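Be aware that the sequence shown starts at 1, since it is given in UniProt numbering, and climbs by one per residue.
All C-beta atoms in this analysis are idealised placements derived from N, C-alpha and C, irrespective of residue type, glycine included.
Nothing here was measured: the structure is a model prediction, and the numbers come from that model.
Here is the structure we will look at, set down as structure tokens.
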Amino acid sequence: MTQVDFYILGDAAPGDRFQLACRIVDKAWQQGHRIYLHTNSESESRHIEKLLWTHREESFIPHGLLNESDSKLTPVLIGNDAQAGEEHDVLINLATDVPTFFSRFSRVAELIDKDPVIRTRGRERYKTYRDRGYTLNTHTIDR
Numbered sequence: 001m002t003q004v005d006f007y008i009l010g011d012a013a014p015g016d017r018f019q020l021a022c023r024i025v026d027k028a029w030q031q032g033h034r035i036y037l038h039t040n041s042e043s044e045s046r047h048i049e050k051l052l053w054t055h056r057e058e059s060f061i062p063h064g065l066l067n068e069s070d071s072k073l074t075p076v077l078i079g080n081d082a083q084a085g086e087e088h089d090v091l092i093n094l095a096t097d098v099p100t101f102f103s104r105f106s107r108v109a110e111l112i113d114k115d116p117v118i119r120t121r122g123r124e125r126y127k128t129y130r131d132r133g134y135t136l137n138t139h140t141i142d143r
């Protein structure tokens with residue numbers, strides 16, 4: 001069964017969910033995982049793509065947009081469609097809804113920042129996963 005983790009930025013934590021996504025992508029990629037970042041829109045996909053280019057000066061995370069990159073050569077893909085290509089390892093959900101394809105992934109990371117709308121929608125997603133019987137883990141990020 002898919003493991004679902006909620007990462008919640010605490011009040012003292014810097015940044016937003018997109019910057020948190022870069023940190024989680026970096027760690028998961030270094031551990032050898034393939035990652036799919038799911039967003040609400042094309043503009044959000046391009047925003048996270050730009051952030052990944054500048055996340056850490058001393059390292060590069062190979063990434064690209066789902067429909068513009070060779071998925072066999074690109075371990076981190078970004079998209080906002082109803083499909084996630086052939087990906088099935090780690091899903092980082094930056095969208096406000098639960099993706100219809102989430103259950104084919106081994107792990108799902110739900111990222112919540114301080115924005116009230118994002119927090120409310122995150123609670124709704126939490127209830128959806130819980131009501132479907134998924135075990136949920138919550139991690140508060142304070143720095």
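- Between the alpha carbons of D113 and D16 lies a gap of roughly 5 angstroms.
- Nearest in C-alpha terms to W29, of all of E42, P75, D70, S45, is P75.
- One thing to note: A95 has its Cβ within 8 angstroms of the Cβ of T39.
- Boundaries cannot be given for D81, as no beta strand (DSSP E) includes it and DSSP labels it neither H nor E.
- Sorting L65, D142, C22 by C-alpha distance to the C-alpha of N80 places L65 at the top.
- CA-to-CA, the gap between I8 and S45 works out to about 21 angstroms.
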